[in-house]
Structures are given as structure tokens and as C-alpha cells.
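Written out below as C-alpha cells is the structure these notes cover.
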Amino acid sequence: MAKEIVTPLTQALSEGKLTREELKSFMRRSDWPALRLLVVWIVVLCMTSSLIYMSWDSWLIWPAMFIHGIVIVHHFSLEHECVHYTVFRTRRLNDIAGYICGLILVLPFKHFRYEHCDHHTYTQLEGEDPELVPMPQNLGQYLYYISAVPYWRTKLTELVRHVFGRLTDEEKRFVPEVEQKTIYLEARLMAAFYVLVFGYMFATGWYDLIWYWFIPLLLGEPVMRFVRMTEHVGRPTVAQMHENTRTNIVSLPWRFLCWNMNYHAEHHYASSVPFHALPRLHEKLKGHIYVEKGGYIGAHKDILTQLFSKSEGK
Amino acid sequence: MAREKVWKDVIRADALEKKWVTRVDFGVRKLAVYDTPSGLYTSLALCNHGGADLCDGYFDGHVIECPLHQGAFDVRSGKPICAPTTRQMKTFETRVHEGMVQILT
Numbered sequence: 095m096a097k098e099i100v101t102p103l104t105q106a107l108s109e110g111k112l113t114r115e116e117l118k119s120f121m122r123r124s125d126w127p128a129l130r131l132l133v134v135w136i137v138v139l140c141m142t143s144s145l146i147y148m149s150w151d152s153w154l155i156w157p158a159m160f161i162h163g164i165v166i167v168h169h170f171s172l173e174h175e176c177v178h179y180t181v182f183r184t185r186r187l188n189d190i191a192g193y194i195c196g197l198i199l200v201l202p203f204k205h206f207r208y209e210h211c212d213h214h215t216y217t218q219l220e221g222e223d224p225e226l227v228p229m230p231q232n233l234g235q236y237l238y239y240i241s242a243v244p245y246w247r248t249k250l251t252e253l254v255r256h257v258f259g260r261l262t263d264e265e266k267r268f269v270p271e272v273e274q275k276t277i278y279l280e281a282r283l284m285a286a287f288y289v290l291v292f293g294y295m296f297a298t299g300w301y302d303l304i305w306y307w308f309i310p311l312l313l314g315e316p317v318m319r320f321v322r323m324t325e326h327v328g329r330p331t332v333a334q335m336h337e338n339t340r341t342n343i344v345s346l347p348w349r350f351l352c353w354n355m356n357y358h359a360e361h362h363y364a365s366s367v368p369f370h371a372l373p374r375l376h377e378k379l380k381g382h383i384y385v386e387k388g389g390y391i392g393a394h395k396d397i398l399t400q401l402f403s404k405s406e407g408k
Numbered sequence: 475m476a477r478e479k480v481w482k483d484v485i486r487a488d489a490l491e492k493k494w495v496t497r498v499d500f501g502v503r504k505l506a507v508y509d510t511p512s513g514l515y516t517s518l519a520l521c522n523h524g525g526a527d528l529c530d531g532y533f534d535g536h537v538i539e540c541p542l543h544q545g546a547f548d549v550r551s552g553k554p555i556c557a558p559t560t561r562q563m564k565t566f567e568t569r570v571h572e573g574m575v576q577i578l579t
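Chains G and L, in that order, give the protein sequences. Terminal number for the first sequence in this note's numbering: 408, no gaps in between. Terminal number for the second sequence in this note's numbering: 579, no gaps in between.
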């Protein structure tokens, strides 16, 4: 029999921060909010792709690819929601969307799902949270993380390791033994997909995907690193959810791009609540969680202030 | 010799949350009783993956989802239907008798 653990949600219910009826209302699922949002999403992707098309013969293609890349890397937010099965009520649709996002981002969906489960179990606990981004100790480390170089090194090494049928000891902790072969298969299928894509480009001489997909992905990833740092970095490395996670109040375009994942503390409190209900959950929980009213910039000011005060203290 | 299973009272049927999952303390065990379109079903309340209380999770039709990791089970059979759950959930045969929900245990 599994050992009982008290989730932040169960705790919030027992402390009266949330009633059971409210929770049931927040958790209600539907396919429609995500389908509507996806229509807008595709329109935005078409618009940012058009910027690349229109600037094809000039240096402006680089800022155009950067803007398009910002949208591309936010498929992470959609994949993340799919990991929680909170995008669509129809569970299969979450899997389909999650696998597609995984291909766009080179982020295998199933492996991410297992890894992310442990992130929710051990949020911000050093040595246990597989997604913990350590507080940088100096400006160099801070900038290096945002460059996305360590991210790509880790992710590509991970993919190659899985293609060759290997998991690290840490991964073996969160991937059940019966699922290890599925993780290897997922990585091999993903690698085969990229071989086919690049093979097709070499064979036909049609390299547009490089300009519309891969370069924007590389250019945009630092923005995703910048965003992801705001979720936990600089918050205490303790188990208490009201301390270890930061909710960032950001403007509508950013909320759209990140599928409301700026309400990150609310998400950690109740990960069964779909993205479209997170603003309502925020209104309920905002007195019990850490909220950064200055948004992503405010969060980074906080991180940098802590970083410089540490440096001065040495 | 194996003990013969008997029907035991769990909770009054009219005390169940309609079309949802109800937590019931049953001796040292915690049970989850599900009110589904095809009748009542009962399982252990703790997720066999991470130990979270399934009764705080999302319930839809015949699927209960763990509130911690969103692993899910079909409450009719206990079958795991998505990662990270991989093991069958313990379920109990359930009936309503004279206004009481009973399980065979």
C-alpha cells in the first residue's frame, strides 16, 4: 500500500484556503477553451512566420526569427499543460498535442512527464527536484543559464543517452522499470523523425524549416530560460509551497503565450486545475502564496538583488 | 484457509457526493467511493504511485485522476490509464443494500 503523503492541495483544503466545492468548480474540464486558444495560437504563428517571409532578403530576418522563436519556445507551456492533462477534457487530445509540442521543441513528452512528476513531488528540494534550477552564484552563471547553452547540452545529451538505451540513476528514480523501454522507444522515434526531416531537406535542397523552425527555436530558447527562472529561482529551497514558488503577474500577451503558467504557485497548489481556471484560483489563493507583482522583470530584479547581495557579503 | 468475504457497510448512500468521489474512513483504511453513470465503485483512496489522496482529484465519468501527478485509473477495474501510474488500483465489489453502500471484503 502506498505511503500517504499530504499534497499542498489536501493541506489547502484542510486549512480552509479552498472549499471542496470551489475546487470541483476550478477543476472542471472542457475541450473548448483550448481549441479556441489554439486557433489564436495558429494565427499568431502565421503572423510571426510572415515576418520571416517578408524580411527574407534583409538583416531584419534575424529579429523576425527571434520574435517567431519566442512563440515557438512557448510550445513548452502547452506541452507542460498537456503533461498535466489540463488542456483538453478529452485525455487523448492532451497526449496528441503533447507529443507534437515535444517534436517541435526536441523535448520527449513521456520522459518530460515522468521528470515533471518528480518536480511536483519534490519542488525546490536540492538533490531531489530533477528540474531545480540552482540560484546562480554570480553574474556569469546567471547569463550562462539564460544563454540556454547548458539547457541544450543537457537535453541533447539526454536524448542521445535514451537513444542508446541508457538512463541515469536519477532518471531511474522517476521512470518506472516497466516504462524504461517506452522512454528509449520515444527517443529513438524522435531521433528518427529529425533524421527524416534533415534527410528530406538535404535531398530536396528545401531548407526553409531551418529558418522557420530550428534557428527561431535556438534564438527563442533564452527567452524561455528567462521565463522559467521566474518560477522558482531565488525562492527558498524548502518544501513549503507558499514559499518555494513564485507567481508572476504579467500582461495578457505573456499570459496567452505561457497558457497562464505565470500563476505558478496556484498551479503547484492544484495541478489538476486547467489553465483557463488559474486566474480564478489566483483570486482565491493570492493571500496565501508568494506573488511578484512586477512580473518576469520583477522576478529577475529579485534574483539579481539576491545575487549581488550575496557577492557583496563574500 | 482463506477467510470468506462478507459485505460490510461503508457509508449511507444518500451521503455520497453526487457524480463525484467521496472519501470514507473504513477502519485503518481510507476508501474512495465513486458515483458513476454506471453505478457505484470503490477503491483504496491513496494513489498507488505517489500516495496522494485520490478523493481530492478530478473525477470524470469513470476516470479518477490523482491530484498530485494526474495519473489516472478506470474506477470500474482499477486499471491504470496513463502515466505515471503503472499498477492496478485496488478496487472492491460494491453494492447498495437498505440504503447503505457496502463493499465485499
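In this text, a Cβ means the ideal position worked out from N, Cα and C, and glycines have one as well.
How would you list, in chain order, the residues of chain G whose beta-carbon sits under 7 Å from the beta-carbon of Ala526(L)?
Ile99 and Thr101
Would Ser152(G) count as contacting chain L if we go by Cβ distances under 8 Å?
no
Nearest to Leu145(G) by alpha carbon, out of Leu233(G), Trp305(G), Leu172(G) and Ile194(G)?
Trp305(G)
Count the other CB atoms within 10 Å of the CB of Gln334(G); is the residue buried (16 or more) or exposed (fewer)?
exposed
How about Glu173(G): is its C-beta nearer than 8 Å to some C-beta of chain L?
no
Check the Cβ of Tyr179(G) against every Cβ in chain L and list those closer than 9 Å, keeping chain order.
Tyr532, Glu539, Gln544, Ala546 and Cys556
In chain order, what are the residue ranges of uninterrupted alpha helix (DSSP H) at least 4 long that sit wholly in the segment 234–317 of chain G?
243–257, 263–268 and 274–298
Using the beta-carbon of each residue, which ones in chain G are nearer than 8 Å to Thr560(L)?
Pro270, Val272 and Glu273
On the DSSP letters alone, give me the boundaries of the alpha helix (DSSP H) that Val537(L) sits inside.
Taken as a continuous stretch (DSSP letters only), Val537(L) belongs to no alpha helix (DSSP H), being part of the beta strand (DSSP E) at Val537 to Glu539.
Can you give, in chain order, each stretch of the beta strand (DSSP E) that sits fully within the segment 318–395 of chain G and has at least 3 residues?
340–342 and 384–386
Work out the CA separation of His543(L) and Asp488(L) for me, nearest whole Å.
Cα to Cα, Asp488(L) sits roughly 31 Å from His543(L).
Is it right to say Gln231(G) is buried, meaning 16 or more other beta carbons lie within 10 angstroms of its own, or is it exposed?
exposed
In the DSSP output, which residue or residues are listed as bridge partners for Ala506(L)?
Arg497(L) and Ser517(L).
Please classify Leu290(G) as buried or exposed, where buried requires at least 16 neighbouring CB atoms within 10 angstroms.
Burial call: exposed.
I want to see whether chain L comes within less than 8 Å of Cys211(G), judged by CB atoms only; does it?
yes
If I'm right that Glu386(G) touches Arg340(G) with Cβ under 8 Å, what's the distance once you round it to whole angstroms?
5 Å
Alpha carbon to alpha carbon, what distance is there between Pro541(L) and Tyr411(G)?
This structure gives no information on residue 411(G), because the portion of chain G shown stretches from 95 to 408.
Alpha carbon to alpha carbon, what distance is there between His162(G) and Val137(G)?
12 Å
With distances taken from CA atoms, which of Gly513(L), Leu505(L), Asp509(L) and His536(L) is nearest Asn522(L)?
Leu505(L)
What do you reckon, are the CB atoms on Glu360(G) and Ala242(G) nearer than 8 Å?
no
Mapping DSSP to helix, strand and coil, what is Lys479(L)?
coil
Hey, Phe566(L) and Thr516(L) are a contact pair by Cβ (cut 8 Å); roughly how many whole angstroms apart?
4 Å
Restricting to runs no shorter than 4 residues, where is the alpha helix (DSSP H) found entirely within the segment 122–157 of chain G?
126–148
Whose CA, out of Ala476(L), Leu490(L) and Gly525(L), lies closest to the CA of Thr104(G)?
Gly525(L)
Tell me the DSSP secondary structure of Pro228(G) in three-state form.
coil
Could you please give me the residues that DSSP links to Asp527(L) through a beta bridge?
Leu520(L)
Starting from Gly571(L), follow its DSSP beta bridges and name the residues at the other end.
Rather than Gly, the amino acid found at residue 571(L) in this sequence is His. Paired residue(s): Met574(L).
Looking at the structure shown, is Thr565(L) part of a helix, part of a strand, or coil, going by DSSP?
Strand at Thr565(L).
Along the segment 492–508 of chain L, where does the CB come closer than 9 Å to a CB of chain G? Name the residues.
Trp494, Arg503 and Lys504
What would DSSP say about Asp534(L), mapped onto helix, strand or coil?
strand
Does DSSP classify Ile397(G) as helix, strand or coil?
helix
Around the C-beta of Cys140(G), are 16 or more other C-beta atoms found within 10 angstroms, so that it is buried, or is it exposed?
exposed
Could you pull out every residue in the same chain whose Cβ sits closer than 8 Å to the Cβ of Val344(G), ignoring the five residues on either side in sequence?
Cys352, Asn356, Gly389 and Tyr390
For His214(G), tell me which candidate among Arg122(G), Ser403(G) and Pro102(G) has the shortest Cα-Cα distance.
Pro102(G)
With distance defined between alpha-carbon atoms, name the residue in Asn354(G), Ala297(G) and Tyr236(G) nearest to Arg319(G).
Tyr236(G)
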